[in-house]
Structures are given as structure tokens and as C-alpha cells.
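As they're listed, the protein sequences go chains A and B. Every letter in the first sequence is one number past the one before it in the working numbering, and letter 341, counting from 1, is 341. Every letter in the second sequence is one number past the one before it in the working numbering, and letter 61, counting from 1, is 61. Ideal Cβ positions, reconstructed from N, Cα and C, are used throughout, including at glycine. Let me begin by presenting the structure, written as C-alpha cells, before commenting on it.
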Amino acid sequence: MSKRTVIVGASAAGVSTAEALQRLEPSREIILVGDESTLAHDRPPLSKQVLEGTWTPDQAQLLPPARREALRAELLLGKRAAGVDIRARRLSIDDGTQLSYDDLVIATGVRPRELHAPRPNGVHVLRTISECQALRAHLTEAKGGPLVIVGGGFIGLEVAATARKLGIAVTLVEPAPQALGRRIGAQAASRLMERHREQEVQFRLGTGVSGFAADSHGKVTAVLLADGSALEARVVLVAIGCVPNVEWLAGSGLDISDGVVCDEYCRAAPGVWAAGDVARWRHLASDRHMRIEHRLNATEQGSAVAANIIGPLQPYLPTPFFWTDQYAVKLQLAGTVSPDAEETVEHQGGDSYLHTYRADGRLVAVLGWNAARAMMPLRKELGIAARAVQPPAPVAA
Amino acid sequence: MKVKIHTEYCVGSGACVLECPEVFAYDDDGMVTLLDPSPPAELLVKVRRAASVCPTTVIELVEDADTGAATQS
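Here it is as C-alpha cells:
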């Protein structure tokens, strides 16, 4: 009898795992369980093209029709996993179904982090296609805004750029002194903020949000800041990061402290694997556990898990990579900017810059600002470095 | 084997260029361009990998009916 793999989560990582498994072992039985009623949409366009209205939701589908038809997995959509018995290798679904498996892949992703304040009407988060459509409808209805964005991460900045294209007034609140500063290096971050200021985005830095004011209909009217001031708002987006969807695994015996904790093969227990945003796996080269919430990692880690299910086991050693598009800037980062890294900038002509980050003389990250091609040789160098596993440190008795 | 690319969805992740530089390259804007729209059969595995790692499913692969089955691993 063919072996059965059950994948929980029908978004990028889950679908990538399914496609790779099918490619590697066409006879394997694959069941894909997802809590949305369709395969998830691809998420990067939801803060950009779909929100702006230049793409229809259909254009942001995770798989084009031909690949969807080629996928031979059984789809259990609109279903939520309720628990797992890792000894019996059995998954429980919220409708009472029990599914036995040879291998289970946890790809349940993350959800937006909430503020510790009730959310009146008009305060949005952005993760799913329906949240994108709700935000878009509200931005269209509120015409000129103002939109207040809480959080200066990638989603916050991308939505700021999209909203400015739509002619909406934007204020962005960020408790740190600079948006994205720790993630992409100080010089790249300050040039990016400069672009936003040129587009008349207002920044309120160094202050957090304490809550919201609402009118008698429960609609938001203002964002209340920790420094005691208030910002008028007709629409609010809270984009302060994400938390892993692991609550359903409580009591399973799996370690779920900030994600599903895995070994270097992305294995959480015998026959249990994790991929994508939810997986905190042991990165062998740096000898620490990492969890990466980037789109490319979902694809890569899904493929890696599929390969490890089939065997032989290979440690997962990716070079983290992400991109963001804001106005006419396409920014790409490969590697990880460590706090001690030194940033060097090379102007490539026009609006193109290559940033490199070195720690102890070693290349740790490269950022292309409209410079994808110039990054390539350095990405290869980083990839080789990422796969170079350091000999394990002696273990104290 | 024929390869098609839907460049309007390309985000320039370069994943395909890293997987299969024989067939995929960057254009001047850092987006994907095809070096060889009809790559030889021995590149099938690499082209398939490139198509599968693309985060925005830009790459479409039309396999010849006779070689497709023969090269399934």
C-alpha cells in the first residue's frame, strides 16, 4: 500500500510540499487539509497589486490552473486540524474525522499579531484575501483617508506605498526610531523612509499605540498613542508582526514555543515535519533555531521537507531571501543582517544601489536596491557559505 | 520540452537562475528572461526544479509526451 502524507495548511508551504512529494514519488497518497474554503491565495500581492486593484484576486492564486489540475492531492478544505496523536500517527479534524498518516507535515503558518486593545470597526489586519478585500473596500469608501498604519515592517510600508498610489493620506506609527532598521541595515532603511517621505507619508516614530477612539456606531475615529497624543483615522491597519498557528498542537507533546520546534531536517517528532512560517528548525551552520516568515522560504522548505520524507535526510540550509516593492523601488535581501554587521554601499548608477553586510570580515547579507542582477554573484557566495556547516562545538558533559 | 515564462508575475527572486542558469537569466531590470525556450531533455530535472521553486509560478513547462515519462525519477 502506498504511504500517506497528511499536510495541514493549504497555503504556500503546504502546497509546495505536496507538489514536491508528487514529483519525487508519484505513488504517494497526499491529503491536504486547509481551513480556508479554497487553496490560499499567494500573499505578497495582497499588500500590493490586489490591494491597489491592478490585479484581480484570481491573478494572485497560488497555483495557475494547469498546476492545480496536475496536483493529485486530496483536498480537505474549509477544515481545521484540531489535534494530533503523534504516537498513533493520527490527526483529528474539527468535524470529528480522524486521519491516520505515515508522515504529517505541519504548515499552518502564522496570523497577524493583535494589539492589546479592542479593535473597533475600521481597524484592519492583513493576511488573507478576504482581509485584503475588506481593507480595499474600506480604503475606497474612505476616499482620501486618513489611513493610519501601526507598524513599520514590510507589510506596513508596502501598504503605505499602495495607499499613496491610491491618493490616500497615510501616517505610519512605529515604536522604534526607524522603520525596518534592524532588518535591512540603517542606510537602506533611511533611504527607503526618505522615499516614503517624498511621497508625503507621515511618520510617528519612537511611540507605540495605546488604543483607539470610536464614534457611537463603533467606527474608529482616532488612534491613541502612548505619548498621550491622538491621530485622526478613518481606516487603520495594524501590521505589527505575526504569531505562529500552533495552539491546536497544545498537549500533543510537540515543542511549540514560538513555532513548531524541529531538528535540522525540519522534523519535529518521528513522522512529524514542519515547513514555512510556522517551522522553527535548527539551522545547522549557525547552530541556532530559526523561523523565517518569507515567501521564498515557504516554497524552499516545503520542497526540503518533501525530500526528507522520501529520504535520504539532508539538513535544511537555505539562504534567507525576501523582496519588497515600494513605489519604483524593488528591494531584495539575501542572508541575515546581524546587529554587528558593517554596511557598505555601492552606487550602481541611477536609482540602483548594492549594499553588502559583513561581520568579522565575512559576508552575511547582500541587499539590492533595484540591483537584482548585481546581487547574483554575491548570492552565490552567500549560498556556499550558508551550506558550509561548521564542525559542532564540543559538548560539555 | 518547451518553457514559457509569464513575466508579468516575476518578482526577480532569482530562484530559477540559481537552479538552472542554462535556461534562465536576469534581464536588465532584474526580471527573468529565457536563454533557451526549448532546452535539451537532459535539463528537464533542473528546469522542473526551477519551475517549482519560483515563488510566483512564473515558469510553465510543457513536457514532450515521450520524454516526460522516461525521465520521471
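>> Helix, strand or coil for Leu115 (chain A)? Go by DSSP, reduced to three states.
In response: coil
> Quick one: is Thr57 (chain B) near chain A, going by C-beta distance under 8 Å?
Replying inline: yes
> Per DSSP, what kind of secondary structure is Val23 (chain B) in: helix, strand or coil?
Replying inline: coil
> Counting along the chain, where does the alpha helix (DSSP H) carrying Ile129 (chain A) start and finish?
Replying inline: 129 to 141
> Does any C-beta atom of chain A lie closer than 8 Å to the C-beta of Glu60 (chain B)?
Replying inline: yes
> If we call anything under 8 Å between Cβ atoms a contact, is Val246 (chain A) one with Val260 (chain A)?
Replying inline: yes
> For Lys330 (chain A), which residues from the same chain have a beta carbon less than 6 Å from its beta carbon, with the 5 sequence-adjacent residues on both sides left out?
Replying inline: Asn370
>> Below 9 Å on C-beta distance, what does Glu19 (chain A) contact in chain B?
In response: Ser52
> Taking Ala226 (chain A) as the reference, which of A:Ala176, A:Tyr265, A:Leu192 has the closest Cα?
Replying inline: A:Ala176
> Which residues share a DSSP beta bridge with Phe203 (chain A)?
Replying inline: A:Leu172
> According to DSSP, is Leu180 (chain A) helix, strand or coil?
Replying inline: coil
> Helix, strand or coil for Ala279 (chain A) per DSSP?
Replying inline: strand
> With a cut-off of 8 Å, do at least 3 Cβ pairs link the region 20 to 35 of chain A to the region 357 to 369 of chain A?
Replying inline: no
>> Please identify the residue among B:Thr33, B:Cys20, B:Arg48, B:Val62 whose C-alpha is closest to the C-alpha of Cys10 (chain B).
In response: B:Thr33
>> So Arg67 (chain A) contacts chain B; which residues on that side make the cut at Cβ distance below 7 Å?
In response: Thr57
>> Considering only the alpha carbon of each residue, which of A:Asp351, A:Phe321, A:Gly151 lies closest to Leu378 (chain A)?
In response: A:Phe321
> Can you pull the DSSP bridge partners for Pro244 (chain A)?
Replying inline: A:Val110
> Excluding the five sequence neighbours on either side, which residues of its own chain have a C-beta within less than 7 Å of the C-beta of Glu300 (chain A), listed in chain order?
Replying inline: Pro318
> If you draw a straight line from the C-alpha of Val15 (chain A) to the C-alpha of Arg295 (chain A), how long is it?
Replying inline: 12 Å
>> Beta-carbon within less than 7 Å of Val278 (chain A)'s beta-carbon, same chain only, minus the 5 sequence neighbours each way: which residues are those?
In response: Ile106, Ala107, Thr108, Gly109, Val110, Pro244, Asn245, Val246, Gly259, Val260
> Any chance the region 156 to 168 of chain A sits against the region 124 to 140 of chain A, with 3 or more Cβ pairs inside 8 Å?
Replying inline: yes
>> In the DSSP output, what is Phe322 (chain A) paired with across the bridge?
In response: A:Leu333
> Taking the C-alpha atoms as reference points, what is the distance between Val236 (chain A) and Gly218 (chain A)?
Replying inline: 14 Å
> Can a CB atom of chain A be found closer than 8 Å to the CB of Ala15 (chain B)?
Replying inline: yes
> Among A:Gln348, A:Phe203, A:Gly122, A:Leu254, which residue has its Cα nearest to the Cα of Val156 (chain A)?
Replying inline: The sequence given here places Gly at residue 156 (chain A); Val does not occur at that position. Comparing Cα positions, the closest option is A:Phe203.
> How would you list, in chain order, the residues of chain B whose beta-carbon sits under 7 Å from the beta-carbon of Lys165 (chain A)?
Replying inline: The premise fails here: Lys165 (chain A) is roughly 18 Å from chain B at the closest Cβ pair, so nothing lies under 7 Å.
> Nearest to Gly335 (chain A) by CA position, among A:Leu75, A:Val364, A:Asp325, A:Asn121, is which residue?
Replying inline: A:Val364
>> To the nearest angstrom, how far is the alpha carbon of Asp255 (chain A) from that of Thr128 (chain A)?
In response: 27 Å
>> Quick check: Glu343 (chain A) and Ala186 (chain A), are their CB atoms within less than 8 Å of each other?
In response: yes
> Under the three-state reduction of DSSP, which class applies to Val15 (chain A): helix, strand or coil?
Replying inline: helix
> Alpha carbon to alpha carbon, how far is Cys20 (chain B) from Ser13 (chain B)?
Replying inline: 13 Å
> Who are Lys219 (chain A)'s beta bridge partners in DSSP?
Replying inline: A:Asn121
>> Please state the DSSP three-state secondary structure of Val58 (chain B).
In response: coil
> So is Glu346 (chain A) in contact with chain D if we call contact Cβ pairs under 8 Å?
Replying inline: Of the chains in the structure shown, none is chain D; the protein chains are A and B.
>> Following a CB-centred definition, is Gly276 (chain A) positioned closer than 7 Å to any heavy atom of the ligand FMN?
In response: The model depicted lacks the ligand FMN and carries no ligand whatsoever.
> Whose Cβ in chain B lies nearer than 7 Å to the Cβ of Leu63 (chain A)?
Replying inline: Thr57
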